[in-house]
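**Student:** Numbering follows my numbering, in which position 212 of the sequence shown is assigned residue number 215; successive positions increment by one, without gaps. Pasting in a structure now, in structure tokens, and then I'll have a few things to ask.
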Amino acid sequence: MKNTILAIIFISFSYVLQAQVYEIGVTFGGTNFIGDVGSTQYLNPNTAAGAVFFKYNWNPRIAFKGTYSFLPIRGNNKNSDRVLPPINGINVADYSFKNTINEVALGMEFNFYEYDISSSNKSWTPYILIELAAFNYTTTQREVSPNNYIYTNKTSFAVPFGLGFKSKLIGDFAFAIETKFRYTFEDDLDFSTDKIPSLNFGGTGNDWYVFTGFSLIYTFGRPACYTKGL
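This is the structure in structure tokens:
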């Protein structure tokens with residue numbers, strides 16, 4: 004019995020060691036915003052953005068990921084697919100905004116298939132991901148005179164989730180295409196707020212922002228047989 008338990012522990016430990024592979028990468032792509040201002044399409048990149056990330060492949064199916072993202076967002080009611088009547092005497096149909104989100108996220112990727120770029124039949128897979136993120140942005144603090152506002156920085160949380168596809172490129176390099184949706188707990192990323200009448204656009208739902216991008220990934224770490232190219 005003792006030998007059986009030791010054998011199970013050894014096999015499990017060996018399996019974990021096999022998955023001790025790390026990845027670093029950069030992502031370039033575009034963001035779009037879904038809220039009270041602008042288009043409500045969930046996949047409509049309109050602003051260039053980027054990210055850097057580090058991943059730990061716990062096993063060929065699961066990876067833990069940390070990401071920093073620089074995500075400018077913008078919206079213009081001229082692109083809205085909604086009818087926007089004047090609110091509080093203000094023609095909101097002409098309203099537009101720009102903001103910048105700095106985001107740090109931690110989460111997990113789950114591969115549909117086993118992923119190992121050293122194996123010819125495990126070198127690609129679609130995947131899904133879920134994360135918890137903290138992000139910082141600019142919002143309106145108060146109105147000091149008509150159309151003259153004081154702004155402040157604000158930190159909040161979001162729940163990113165998404166899907167992607169990754170594959171070996173050459174040697175220790177791989178690539179991924181990914182779309183990640185962020186549900187936030189805020190309704191003022193577009194500077195609209197019910198605390199200031201001139202910026203109260205009547206929205207009741209929380210804001211979303213989306214990042215779609217292409218990633219270039221470098222794989223390294225032990226054991227060499229796991230990261231070595233074909």
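Ideal Cβ placement from N, Cα and C applies to all residues, glycine included. Only a predicted model underlies this, so the values are computations on that prediction, with no experimental measurement involved.
Report the rounded CA-to-CA distance for D175 versus T222, giving the unit in angstroms.
**Tutor:** Going by the C-alpha atoms only, they are around 5 Å apart.
**Student:** Taking C-alpha atoms, which residue in P200, V55, K101 lies nearest to P149?
**Tutor:** Closest by alpha carbon: P200.
**Student:** Considering just the uninterrupted stretch of the beta strand (DSSP E) at R185, what are its terminal residues?
**Tutor:** 176–187 is the extent of the beta strand (DSSP E) around R185.
**Student:** Round the Cβ separation of R64 and N139 to the nearest angstrom and send it over; I've been treating them as touching at under 8 Å.
**Tutor:** Actually they are not in contact, since the Cβ atoms of R64 and N139 sit about 33 Å apart, beyond 8 Å.
**Student:** Closest by CA to G216, which one among E26, V24, N35, L172?
**Tutor:** Ranking E26, V24, N35, L172 by Cα distance to G216 puts N35 first.
**Student:** Pull up the distance between the alpha-carbon of I153 and that of L132, whole angstroms please.
**Tutor:** Going by the C-alpha atoms only, they are around 37 Å apart.
**Student:** Do A137 and V107 come within 8 Å of each other at the CB atom, strictly closer than that value?
**Tutor:** In this structure, A137 lies closer than 8 Å to V107 by Cβ.
**Student:** Keeping to the same chain, check which residues put their C-beta closer than 7 Å to that of L9; ignore five residues upstream and five downstream.
**Tutor:** Only weak support is given to the placement of L9: the predicted model assigns it a pLDDT of 44, under 50, and the value that follows is read from those uncertain coordinates. Here the set comprises nothing.
**Student:** If you draw a straight line from the alpha carbon of G208 to that of L219, how long is it in whole angstroms?
**Tutor:** Their Cα atoms are separated by approximately 35 Å.
**Student:** In the DSSP assignment, find the beta strand (DSSP E) that holds R237 and state where it starts and stops.
**Tutor:** Nothing about residue 237 can be read from this structure; the chain reaches only from 4 to 233.
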